[in-house]
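> Sequences listed follow chains A, B, C, D, E and F, in order. With positions in the first sequence counted from 1, the corresponding number in the working numbering is that position plus 672. With positions in the second sequence counted from 1, the corresponding number in the working numbering is that position plus 672. With positions in the third sequence counted from 1, the corresponding number in the working numbering is that position plus 443. With positions in the fourth sequence counted from 1, the corresponding number in the working numbering is that position plus 443. With positions in the fifth sequence counted from 1, the corresponding number in the working numbering is that position plus 943. With positions in the sixth sequence counted from 1, the corresponding number in the working numbering is that position plus 943. Positions of the beta carbon are idealized from the N, C-alpha and C atoms, including for glycine. None of these values were measured; they are calculated from a predicted model.
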Amino acid sequence: MSVKKFMFVNRKAPYGTIYAWEALEVVLIAAAFEQDVSLCFLDDGVFQLKKGHNTKAIETKAFEKTWGALEDYDITKLYVDAESLAERGLTADDLAVPVEVLSRAEIGKLMEEQDVLLSF
Amino acid sequence: MSVKKFMFVNRKAPYGTIYAWEALEVVLIAAAFEQDVSLCFLDDGVFQLKKGHNTKAIETKAFEKTWGALEDYDITKLYVDAESLAERGLTADDLAVPVEVLSRAEIGKLMEEQDVLLSF
Amino acid sequence: MLHIINKSPYERPALDSALKTGEGAILLIEDGVYAAVKGGAAEAKIKAAQGKFKVYALQADLEARGMIDRVTEGVTVVDYGGFVDLVAEYKTNQSWL
Amino acid sequence: MLHIINKSPYERPALDSALKTGEGAILLIEDGVYAAVKGGAAEAKIKAAQGKFKVYALQADLEARGMIDRVTEGVTVVDYGGFVDLVAEYKTNQSWL
Amino acid sequence: MKFAILVNEGPSTHKASDTAYQFAKAALAKGHEIFRVFFYHDGVNNATRLTTPPQDDRHIVNRWSKLAEEHKLDMVVCVAAAQRRGIVDEGEMKRNGKDATNLAPGFRISGLGQLIEAGIQADRLVVFGD
Amino acid sequence: MKFAILVNEGPSTHKASDTAYQFAKAALAKGHEIFRVFFYHDGVNNATRLTTPPQDDRHIVNRWSKLAEEHKLDMVVCVAAAQRRGIVDEGEMKRNGKDATNLAPGFRISGLGQLIEAGIQADRLVVFGD
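1) In this structure, does DSSP put ILE747 of chain B in helix, strand or coil?
2) Is the beta carbon of LEU1016 of chain F less than 8 Å from the beta carbon of VAL1069 of chain F?
3) Quick check: the Cα distance between MET783 of chain A and ASP1032 of chain E, rounded to an integer number of angstroms?
4) Starting from the C-beta of GLY740 of chain B, find all residues in its chain whose C-beta is less than 8 Å away, skip the five residues before and the five after it, and write them out in chain order.
5) Kindly indicate if chain B contains any beta-carbon less than 8 Å away from that of SER538 of chain C.
6) Listing by chain order, which chain A residues have their CB less than 7 Å from the CB of ASP1074 of chain E?
7) Taking all protein chains shown into account, do 16 or more other C-beta atoms lie within 10 angstroms of the C-beta of VAL675 of chain A, making it buried, or fewer, making it exposed?
8) Using 8 Å as the threshold, is the region 950-968 of chain E in touch with the region 983-990 of chain E, meaning 3 or more CB pairs across them?
9) Taking buried to mean at least 16 other C-beta atoms within 10 Å of its own C-beta, is LYS1037 of chain E buried or exposed?
10) Once you ignore the five residues that flank ASN536 of chain D on each side, which residues in its own chain have a CB closer than 7 Å to its CB?
11) Kindly say whether ILE730 of chain A, judged by its beta-carbon, lies nearer than 8 Å to any beta-carbon of chain C.
12) Measure from the C-beta of VAL514 of chain C to each C-beta in chain A and report whether the shortest distance is under 8 Å.
13) Spatial neighbours of VAL699 of chain B within its chain, please: C-beta separation below 6 Å, excluding the five flanking residues on both sides.
14) Any Cβ of chain C within less than 8 Å of the Cβ of GLY761 of chain B?
15) Give the residues of chain C in contact with HIS975 of chain E, contact being defined as C-beta atoms less than 8 Å apart.
16) Can you list, in chain order, the residues of its chain with a C-beta nearer than 8 Å to that of ILE730 of chain B? Leave out the 5 residues immediately preceding and following it.
17) Taking the continuous alpha helix (DSSP H) assigned at GLY524 of chain D, which residues delimit it?
18) Tell me the rounded alpha-carbon separation between PHE966 of chain E and GLY524 of chain C.
19) How would you call SER460 of chain C, buried or exposed, if buried means at least 16 neighbouring beta carbons within 10 angstroms?
20) In the DSSP assignment, what residue or residues form a beta bridge with LEU767 of chain A?
21) Kindly say whether PRO452 of chain D, judged by its beta-carbon, lies nearer than 8 Å to any beta-carbon of chain C.
22) May I ask you to verify whether the region 499-510 of chain C touches the region 462-473 of chain C, counting CB pairs closer than 8 Å and requiring at least 3?
23) With respect to the alpha helix (DSSP H) encompassing ASP459 of chain D, which residues constitute its N-terminal and C-terminal limits?
24) Might you give, ordered along the chain, the residues of its own chain that have their beta carbon closer than 6 Å to the beta carbon of LEU790 of chain A, omitting 5 neighbours on each side?
25) Among F:GLU1013, F:THR991, F:ALA1011, F:HIS1014, which has the Cα closest to the Cα of ALA1025 of chain E?
26) Return helix, strand or coil for ASP1073 of chain F, following the three-state DSSP convention.
27) Residues of chain E with CB closer than 7 Å to the CB of GLU473 of chain C, please, in chain order.
28) Short check: CB of ALA404 of chain C to CB of PRO456 of chain C, under 8 Å?
29) If you check the beta carbons only, do LEU1058 of chain F and TYR983 of chain F fall under 8 Å apart?
30) I'd like to know if the region 749-769 of chain A and the region 704-721 of chain A are in contact, where contact means that at least 3 CB-CB pairs between them fall below 8 Å.
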């Protein structure tokens, strides 16, 4: 099977809606198909990566641990928009996994290089 | 049955979602229950009242005519936020029915006087 | 009256719109709790609003998002029971959806 | 690439975010077509973007909203067939949901 | 105090139904009465008994059914919204010529008048949506 | 050219399904091929045969079924998303101990792999959502 460049563009906050979680399920399947997978986090999507999620009181599954497990699936390209982080008072140290912090223009360039963009 | 003051707060654009249309169905029922009904339009909700809707190509029911019919149900209190109109390049002349254009503060005062606020 | 806001201040105008329109109390729930977090662009909005509004944020939603330890000063954290008390306390409430 | 935007510029940061990130073409659909309407605050954004982007808006959605007669200059109005042509023309596309 | 609750989004996708449920539970725990929970817009999708959420996740529909049973809650699904979205009880099945039902226990299908009545009868109406 | 379409919202509430349908129709009219239409998130709710929209309104579900029949479209509903939301075919009914099905003609339930495969096989994938 041919290998394509799939980028998952995550722009929504976690828990308020299910998009972040169901997107992650697609990411894992794309990896299982041995595609060239990358994730990019923009706008409120950067909140997905904030560490220290405790979802006990909202009785919803937390998915923080899944970020750490991505490496086991050879998914290592996680890009985060610097401006979105800064606007929300976050730095890379606040995030649950190592990421590459990029400018909007750099993210734009990466998008242009993709074959398939799946946005959530 | 006792009469309460029901205000319907419309803040969403029409057609992109069904909220505006299904909200209108509630308005008509509230009128049938002979409640003291008013409608207020804020933010993108003001787009609901723009005249000249033609939904043929999106194959969706237009509800522009329903605004005109509200008077038959004794619903005459339609309030529109001046700032939301101006930001969107609209004036009262662009709207399908006569409305009262108010400031944010005036709308806030009206909200305080209600018994039930239904927001869509 | 009580204004209930469940939208992120970075994604939707719900908070801005409520602040411009009303007075009384603001309760931040679901993605709305991001407005109660310090360090971000929303902090200044909440601080400016505190003259006119009492500001509350839902504990469960702050915890879920890993933000319970960085709540802006002056914001009162409440549980679901506190949410119920606020609705009971104010004669009217509105959800800014 | 082709950026597809279905959100109102007054309610969501989708258009702003796409403009900051990319280049190529913008297609406004559904509530996104309000960005293509002149007289509002969005007009200046679209005009500023036209150096970097070709801007298109979907006819059916403009008509539905009563806005077909007030489209900002330089915006190309397309039907669903034109939408298909744009997707075919650009190697990649992204929906800014 | 007498509360009414309006749920405007379905299970899973938006948090509205979860928050409404936690609110209802907390209100009951404090001794308040819940006059009615009304499901409108996509909220009607909370009333299907056909969901099978992952085993390690909450079961949003069953949770509502159980709460209703324990506290004799009146949970009403708007008929017009339900018809658009395919939520069907015995009566609707016959009326609309359908071949199956999917309404979960504890829910009943009725008109929008039930929402207005809830607004009139309750001391407070709280809206949960998107 | 070979297109794939992803529909992420249900019928009625959001326009995503309508726009995707009009896009699909226009693509077919121009002689393009549609490799697959994949329904994810609330998009799975487009696949229930139990809806009864108002008579003067479009029938979103039947319209998809008809398009699929006319053009032999492959319309796939994500199984995980369908389980969460209560979209059930014969196999799912038996597997999950349910007592009814609601899957509309022309749709089939399958895994997320079908979406990735569509991304690989098609020249273009277009996402419709909220």
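Reading off the structure:
1) Residue state for ILE747 of chain B is assigned as coil, using DSSP reduced to three classes.
2) no
3) 48 Å
4) Spatial neighbours of GLY740 of chain B in its own chain (CB-CB distance under 8 Å, excluding positions within 5 residues in sequence) are listed in chain order as ALA768, VAL769.
5) At least one chain B Cβ lies under 8 Å of SER538 of chain C.
6) This structure cannot settle anything about residue 1074 of chain E, because the visible part of chain E is limited to 944 through 1073.
7) exposed
8) Judged by Cβ distances under 8 Å, the region 950-968 of chain E makes contact with the region 983-990 of chain E, as three or more pairs qualify.
9) Burial call: exposed.
10) MET444, LEU445, ILE447, VAL530
11) At a cut-off of 8 Å between beta carbons, ILE730 of chain A contacts chain C.
12) no
13) PHE680
14) no
15) VAL527, ALA531
16) TYR687
17) 523-532
18) 7 Å
19) buried
20) Beta-bridge partners assigned by DSSP to LEU767 of chain A: A:LYS722.
21) Residue contact check for PRO452 of chain D against chain C: no CB pair falls below 8 Å.
22) yes
23) 457-464
24) PHE680
25) Closest by alpha carbon: F:THR991.
26) coil
27) LYS958, THR962
28) Outside the shown range of chain C, which is 444 to 540, sits residue 404 of chain C, and nothing can be said about it.
29) Judged by their CB atoms, LEU1058 of chain F and TYR983 of chain F are nearer to each other than the 8 Å cut-off.
30) Cβ pair count under 8 Å is three or more, so yes.
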